[in-house]
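Add 11 to the 1-based position in the sequence shown for our numbering, that's all there is to it. Worksheet for the structure shown next.
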Amino acid sequence: MSLNLSTVLWILNALKNTPRTGWVQRGVPPCIAESIASHMYEAALLCLAIGYELVKLRYIDENDLLRSLAMIIVHDVAEAVTGDVNKFVAEELGELKKVIETKALENMGADTFTNIYRKYQEMKSKEAVLAHICDKLATYAQAIRYLSMGYKVQDIMDSSKKDLEKLISIFCYEEDCRDDLLRIIKNLHF
12 MSLNLSTVLW ILNALKNTPR TGWVQRGVPP CIAESIASHM YEAALLCLAI GYELVKLRYI
72 DENDLLRSLA MIIVHDVAEA VTGDVNKFVA EELGELKKVI ETKALENMGA DTFTNIYRKY
132 QEMKSKEAVL AHICDKLATY AQAIRYLSMG YKVQDIMDSS KKDLEKLISI FCYEEDCRDD
192 LLRIIKNLHF
């Protein structure tokens, strides 16, 4: 089953108007808090920027980049139905969170999204790992912004940085790759 346009518009509206829970729980007012859609868009642009640098260095090819972009674009679509849960709840739910989000996508009639989401969650490919890196990097960048505004989000920044380090080591088997990827990220000037 494929999505119809009215469902896509409903999904977009929900994602644009739902603030990310972690920020609100730490005192960022809902009117200032990053929305799920804003987060997804930032992660997608980071994926495009980082991905093209990785293509130039031949760590991935353009098809890998396109698959990463597809994954990052749909990785939080289910949250239009489920809402955004904080990290503690997500970790406690474990695999159940993935099952619930997959079911939400299926109920939307989002077969294409569901298949892309599964590949993202399985994290068996470089494309999926790159998408996860960009997801965490977008969260890290937003945490830096909120910290500079005086919000107490240090724990999110620290957690994102720790997750990034793990993901980079999964993406890069060789030290040269790791050094290149860290240089690319550093050149983003967060």
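By construction, the Cβ of each residue, glycine as well, lies at the ideal position given by its N, Cα and C atoms.
- Under the three-state reduction of DSSP output, S46 falls in the strand class.
- Each of M160, L141, C183, E186 was checked against the Cα of L57, and the nearest Cα belongs to L141.
- Judged by DSSP secondary structure, M119 falls within the alpha helix (DSSP H) whose first and last residues are 106–119.
- Straight across, the Cα-Cα distance linking R69 with E176 is about 21 Å.
- Taking a cut-off of 8 Å for Cβ pairs, the region 19–32 and the region 43–51 touch, as three or more such pairs fall below it.
- When DSSP assignments are scanned along the region 161–188, the uninterrupted stretches of alpha helix (DSSP H) that are 4 or more residues long and fall wholly within it turn out to be 165–182.
- Non-local beta-carbon contacts of Q132 in its own chain, meaning distances under 6 Å to residues more than five positions away in sequence, involve K109 in chain order.
- The region 29–43 makes contact with the region 92–101, as at least three CB pairs between them are under 8 Å.
- In this structure, the alpha-carbon of D174 lies about 21 Å from that of E112.
- Nearest in C-alpha terms to C183, of all of K137, S171, D169, L199, is K137.
- In this model, D75 and L65 are separated by some 10 Å (Cα to Cα).
- For A139, the enclosing alpha helix (DSSP H) begins and ends at 137–159.
- The secondary-structure analysis by DSSP pairs P30 across a beta bridge with S46.
- One Cα belongs to M160, the other to I167, and the distance between them is close to 15 Å.
- With respect to A149, A44 sits apart: the two C-beta atoms are not nearer than 7 Å.
- Within the model, the alpha-carbon separation for A81 versus G38 is close to 32 Å.
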